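Asks: Those protein sequences? They're chains A and B, same order as listed. First residue of the first sequence? That's -5 in the working numbering, and the numbers climb one at a time after it. First residue of the second sequence? That's -17 in the working numbering, and the numbers climb one at a time after it. We treat Cβ as the ideally placed atom computed from N, Cα and C, and that holds for glycine. Treat the numbers as computed from the prediction; the structure is a model and nothing was measured. Got a structure for you, written out below as structure tokens; questions coming shortly.
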Amino acid sequence: MGPYIVKRVLLLFPTVFGVSVVIFVMMRLVPGDPITTMLGLEYRPELATQLKREVGLDQPLIVQYGKWAARLLTGDWGKSVASGIQVRQEILRKLPVTLELIAFAMTFAITISVPAGIISAVWPNSMKDYGLMSVAMLGISMPEFLSGVVLMLVFALQLGWLPAAGYSPPSENLLAHLKFMVLPAVALGFPRAAILARLVRASMLEVIGEDYVKTARAKGLSEWVVILRHAFSNAIIPPLSWMGLQIGYLVGGAVVVEIVFLIPGIATFGMDGIFARDYPRVQGFVMVITIVFVALNLLVDVLYALLDPRIRFGAQKA
Amino acid sequence: MDSFAAQPSPDVEVVVARPLTVVMLFQRLRRSRTAFIGLFIVLVLLLTALFADIIAPGNPAEMQTSARSRSPGAEHWLGTDHLGRDTFTRVIHGSRVSMYVALLTIFISLGIGIPFGLAAGYYEGVFDLLLSRLMDLMMSFPVVILAMVITVVLGAGVTTVGVAVGIVYIPAFARLVRASTLTLKESEFVLAARAVGYSDLRILFFQILPNCMAPIIVSGTVIMAYALIMEATLSFLGLGTQPPTPSWGFDLKMNLVYLELSPSSTLFPGLAILIAVLGFNMLGDGLRDSLDPKLQHR
Chain A
-5 MGPYIVKRVL
5 LLFPTVFGVS
15 VVIFVMMRLV
25 PGDPITTMLG
35 LEYRPELATQ
45 LKREVGLDQP
55 LIVQYGKWAA
65 RLLTGDWGKS
75 VASGIQVRQE
85 ILRKLPVTLE
95 LIAFAMTFAI
105 TISVPAGIIS
115 AVWPNSMKDY
125 GLMSVAMLGI
135 SMPEFLSGVV
145 LMLVFALQLG
155 WLPAAGYSPP
165 SENLLAHLKF
175 MVLPAVALGF
185 PRAAILARLV
195 RASMLEVIGE
205 DYVKTARAKG
215 LSEWVVILRH
225 AFSNAIIPPL
235 SWMGLQIGYL
245 VGGAVVVEIV
255 FLIPGIATFG
265 MDGIFARDYP
275 RVQGFVMVIT
285 IVFVALNLLV
295 DVLYALLDPR
305 IRFGAQKA
Chain B
-17 MDSFAAQPSP
-7 DVEVVVARPL
3 TVVMLFQRLR
13 RSRTAFIGLF
23 IVLVLLLTAL
33 FADIIAPGNP
43 AEMQTSARSR
53 SPGAEHWLGT
63 DHLGRDTFTR
73 VIHGSRVSMY
83 VALLTIFISL
93 GIGIPFGLAA
103 GYYEGVFDLL
113 LSRLMDLMMS
123 FPVVILAMVI
133 TVVLGAGVTT
143 VGVAVGIVYI
153 PAFARLVRAS
163 TLTLKESEFV
173 LAARAVGYSD
183 LRILFFQILP
193 NCMAPIIVSG
203 TVIMAYALIM
213 EATLSFLGLG
223 TQPPTPSWGF
233 DLKMNLVYLE
243 LSPSSTLFPG
253 LAILIAVLGF
263 NMLGDGLRDS
273 LDPKLQHR
């Protein structure tokens, strides 16, 4: 097990390095530069040249990259060109909001999809099954922003149960904070719940046909003990590992949901940076999202390897 | 697809696996109701996009200042938006953007992903190593983020969105085809083709490729659904289709502010996105069931 984890962790370094190069180069390919965008109508060539020299944008690209990467390693992620705010400070302040949103979305997705999947598998091809799986099909076909808009329409504007959009920090008023998080979490979690419910159903159907489940029934155990204790505990492993891998993708979805619901997470910070051509800000944003994404995927792979010996031994052979 | 069919010399014919043909595809599709509904929706979408000018002859960008924020009625079937533009016309014309992006996405991701996957799986070695690392690198970005950055680099627009989403999904096909090629190249019909003296290109495109068509078709359909979602999402964020071109994602975003004034001009673009994505997903689902050899005898 040790060598497998070491190998996977070591692979993180080239990935993060590659990502940093890609994002650095791509930002430089974007038409326009931060100084020109910032100055707007105040633009004067000599002023722009001076400002560029001050923030180091006049140096060759490779030097700029070297400096940025070196500082990144020491924990200095640079300052926003437009506002002068420390990028790291700002991101660390906003990241918890995004992670909280993801955690809520995951909890929601698992809570509704697991029972739905089990019910569908226990009564396959029944009305219950068709109903639940049709809702799941709708969920899969709904982009996050659309489910967000629908939820906003129904629960905020029509029924008035929850606030439509915005944010309130948990330190001020916890209840208000949670109220603001409900709709975004459901909007983000619903498409995942849909896929997860389908996976749970498929996995349960496969397991229910196995011999050991028949044996459990033959022993005279009650149907629900057979389903929940014997079938479910085995059937849940593949869907859960899939869900683990989805945490990474939720980071991307969270970006969209944050923008729809005006939540001040890292997405809004990054998007504003994109429009302002603010290199350090966008670079910091994409780096953090990618690192979170890669790290979560690694964590899930390692956990899965712990559960399934075939993966570890396969990895050692290779 | 028939042109892809294997053309072995008579003495190898015995060991050739039967590649997928259009006729077989339809025979299997017939068994799945989901696939048929999906196929129907997709065909309707395609026809709507092709004949948008005939179905809704008006100009989607035309503003009738006398008829702003109208509810659905005889004159404006789906009402008008706050600028007096006909929602029906915009939704119908919006299908063009969606279908264009979906097709461009599939064209780029298949066009690059398939040759890469074939070459990597067949030759292995350094090329495979480099390509696999590059694909890993691309997959270490969340899809939306990568597409967003590419759109910003290329400048917002319909074609840009198609290109960006296409690039994002190259790894999906490259990996799929590489994995199939790795197994297929050891199969007897490929060894036989090699023994007969077929060139590598001929083996790759006429022997191996036709035999990995089934998973490619299924993923392709599902990725077209993703492409529709991505186009709508990017346009919703202001990075995709630019006004005055009608796009469902952008229209939904623009009309959201005037939701209470003219709800229909927000709801129908949203409904259009949902139905379109649903169509591709159902088709993909049905295709998966009917092409999966394990499920064929059920």
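What separation, rounded to the nearest whole angstrom, lies between the Cα atoms of residue 92 of chain B and residue 55 of chain A?
Replies: Using only the alpha carbons, I get a separation of about 33 Å.
Asks: Please report the straight-line C-alpha distance between residue 140 of chain A and residue 252 of chain B, rounded to a whole angstrom.
Replies: The straight-line gap from Cα to Cα measures roughly 7 Å.
Asks: Taking the beta carbon of residue 216 of chain A as the centre, do at least 16 other beta carbons fall within 10 Å, making it buried, or is it exposed?
Replies: With fewer than 16 Cβ atoms within 10 Å of its Cβ, residue 216 of chain A is classed as exposed.
Asks: If we define contact as Cβ-Cβ less than 8 Å, is residue 31 of chain A a contact residue for chain B?
Replies: Chain B contact via Cβ: absent.
Asks: For a test of the three-state rule: what should DSSP assign to residue -5 of chain B, helix, strand or coil?
Replies: Confidence in residue -5 of chain B is poor, its pLDDT being 43 and thus under 50, which makes the residue's placement too unreliable to answer from.
Asks: As a quick exercise: from A:230, A:226, A:192 and A:66, pick the residue whose alpha carbon is nearest that of residue 267 of chain B.
Replies: Checked all of A:230, A:226, A:192 and A:66; the closest Cα to residue 267 of chain B is A:192.
Asks: Where does residue -13 of chain B sit, in a helix, a strand or coil, going by DSSP?
Replies: At residue -13 of chain B, the pLDDT of 43 sits below 50, so the modelled position is not reliable; the number obtained from the coordinates is stated separately. Residue -13 of chain B falls in the coil class under three-state DSSP.
Asks: What are the residues of the stretch 161 to 174 of chain B that lie near chain A, defined by any Cβ-Cβ distance shorter than 9 Å?
Replies: Those would be none; no residue qualifies.
Asks: May I ask you to list the residues that DSSP assigns as paired with residue 80 of chain A?
Replies: Partner(s): A:73.
Asks: Output yes if chain A places a C-beta closer than 8 Å to the C-beta of residue 237 of chain B; else output no.
Replies: Output row for residue 237 of chain B: interface = no.
Asks: Could you tell me whether any Cβ in chain A is nearer than 8 Å to the Cβ of residue 137 of chain B?
Replies: At least one chain A Cβ lies under 8 Å of residue 137 of chain B.
Asks: Do the CB positions of residue 231 of chain B and residue 250 of chain B come within less than 8 Å of each other?
Replies: For residue 231 of chain B and residue 250 of chain B, no; Cβs fall outside 8 Å.
Asks: Taking the alpha-carbon of residue 282 of chain A as reference, which of A:47, A:86, A:223 and A:52 has the nearest alpha-carbon?
Replies: Looking at the Cα atoms, A:86 is the closest of the given residues.
Asks: Could you check where the alpha helix (DSSP H) with residue 58 of chain A kicks off and where it finishes?
Replies: First-last of the alpha helix (DSSP H) with residue 58 of chain A: 55 to 67.
Asks: What first and last residue would you give for the alpha helix (DSSP H) that runs through residue 104 of chain B?
Replies: Here the alpha helix (DSSP H) through residue 104 of chain B covers 69 to 105.
Asks: Since residue 255 of chain A is in the alpha helix (DSSP H), which residue starts that stretch and which ends it?
Replies: That residue, residue 255 of chain A, is in no alpha helix (DSSP H); it is neither H nor E in DSSP.
Asks: Given this structure, state the Cα-to-Cα distance separating residue 169 of chain B from residue 259 of chain A, to the nearest angstrom.
Replies: Approximately 52 Å, taken between the alpha carbons.
Asks: If we define contact as Cβ-Cβ less than 8 Å, is residue 9 of chain A a contact residue for chain B?
Replies: Cβ-Cβ to chain B under 8 Å: yes for residue 9 of chain A.
Asks: Report the neighbours of residue 175 of chain A on chain B: residues whose CB is nearer than 7 Å to its CB, in chain order.
Replies: Chain B residues near residue 175 of chain A: none, gap ~20 Å exceeds 7 Å.
Asks: Return yes when the Cβ of residue 155 of chain B is within less than 8 Å of the Cβ of residue 96 of chain B, no when it is not.
Replies: Yes, these two residues count as a Cβ contact at 8 Å.
Asks: Let me know the secondary structure DSSP gives residue 62 of chain B once reduced to three states.
Replies: Correct three-state label for residue 62 of chain B: strand.
Asks: Could you tell me whether any non-hydrogen atom of the ligand ZN is closer than 7 Å to the CB of residue 253 of chain B?
Replies: Absence of the ligand ZN from the depicted structure is noted, as is the absence of any ligand whatsoever, leaving it without description.
Asks: Is there a C-beta anywhere in chain A that falls below 8 Å from the one on residue 177 of chain B?
Replies: No, because no Cβ of chain A sits closer than 8 Å to the Cβ of residue 177 of chain B.
Asks: Let me make sure I understand the geometry here. Which of B:166, B:225 and B:241 has the alpha-carbon closest to that of residue 148 of chain A?
Replies: Measuring from the Cα of residue 148 of chain A, the nearest candidate turns out to be B:241.
Asks: Using three-state DSSP, classify residue 201 of chain B as helix, strand or coil.
Replies: Reduced to three states, the DSSP call for residue 201 of chain B is helix.
Asks: Could you name the residues of the stretch 97 to 129 of chain B whose beta carbon sits closer than 8 Å to any beta carbon of chain A, in the order they occur along the chain?
Replies: Within the stretch 97 to 129 of chain B, the residues whose Cβ lies closer than 8 Å to some Cβ of chain A are 115, 118, 119, 122, 123, 124, 125, 126 and 127, listed in chain order.
Asks: Between which two residues does the alpha helix (DSSP H) holding residue 194 of chain A run?
Replies: Unbroken alpha helix (DSSP H) run through residue 194 of chain A: 168 to 202.
Asks: Considering only residues of the same chain and omitting the five flanking positions on each side of residue 214 of chain B, which have a CB-CB separation below 6 Å?
Replies: The answer, listed in chain order, is 230, 231 and 255.
Asks: Below 8 Å on C-beta distance, what does residue 19 of chain B contact in chain A?
Replies: Chain A residues near residue 19 of chain B: none, gap ~10 Å exceeds 8 Å.
Asks: Starting from the Cα of residue 275 of chain A, find the closest Cα among A:96, A:62 and A:57 and give me that residue.
Replies: It is A:62.
Asks: Is the CB of residue 214 of chain B under 8 Å away from at least one CB in chain A?
Replies: Yes, contact with chain A.
Asks: Mark residue 291 of chain A as exposed unless 16 or more other C-beta atoms lie within 10 angstroms of its C-beta, in which case mark it buried.
Replies: The residue is buried, with at least 16 neighbouring Cβ atoms inside 10 Å.
Asks: Starting from the beta carbon of residue 207 of chain B, find every residue of chain A whose beta carbon is closer than 9 Å, and list them in chain order.
Replies: Near residue 207 of chain B (Cβ distances below 9 Å), the residues of chain A are 134 and 135.
Asks: Just to confirm the assignment, what range does the alpha helix (DSSP H) spanning residue 146 of chain A have?
Replies: Segment: none, residue 146 of chain A is in no alpha helix (DSSP H) and carries neither H nor E.
Asks: Rank B:69, B:149, B:47 and B:41 by C-alpha distance to the C-alpha of residue 56 of chain B and give the top, closest one.
Replies: That would be B:69, whose Cα lies nearest to the Cα of residue 56 of chain B.
Asks: Under the rule that 16 or more other beta-carbon atoms within 10 Å means buried, what is residue 237 of chain B, buried or exposed?
Replies: Classification of residue 237 of chain B: buried, given that the 10 Å Cβ count is 16 or more.
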